[in-house]
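To start, the structure itself, in structure tokens.
Numbering (my numbering), first residue to last: 857 to 958.
Written out as structure tokens, the structure reads:
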């Protein structure tokens with residue numbers, strides 16, 4: 857079940873220090889007639905932790921830079937990302953941030 861509100865945040869890889877974008881957002885209920893209230897209530901606390909920057913949740917995903925699936929991530933909010941980006945040299949930005957599609 858997805859969180860009802862759209863959230864965008866950034867993940868810093870603990871292996872190669874690359875930063876990648878991540879987002880989650882509203883997903884409507886496929887069939888309201890088959891709505892499972894027990895499952896919805898179980899997922900409520902998980903959604904609260906996600907909204908608080910994944911506190912208490914182990915994030916596991918693939919790093920776009922080093923191509924490894926692992927759980928060694930640091931969650932950054934928008935301001936922490938801007939601060940980290942401003943501290944990087946242009947060479948570090950090209951290496952550690954995602955490639956522009958333009």
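Every residue gets a Cβ at the ideal spot worked out from N, C-alpha and C, and that includes glycine. All values reported here derive from a predicted model rather than from experimental measurement.
For residue i, which residues in the same chain have their Cβ closer than 7 Å to its Cβ, ignoring the five residues on either side in sequence?
i, result
"residue 929", "867, 868, 869, 870, 915"
By DSSP, does residue i sit in helix, in strand, or in coil?
i, result
"residue 865", "strand"
"residue 893", "helix"
"residue 924", "coil"
Output the boundary residues of the alpha helix (DSSP H) element that contains residue i.
i, result
"residue 938", "934-943"
"residue 950", "946-952"
Are the CB atoms of residue i and residue j nearer to each other than 8 Å?
i, j, result
"residue 917", "residue 872", "no"
"residue 920", "residue 950", "no"
"residue 954", "residue 876", "yes"
Following the continuous beta strand (DSSP E) through residue i, name the residue where it begins and the one where it ends.
i, result
"residue 878", "875-880"
Please work out which residues of its chain come closer than 6 Å, Cβ to Cβ, to residue i, disregarding the five sequence neighbours upstream and downstream, and give them in chain order.
i, result
"residue 902", "none"
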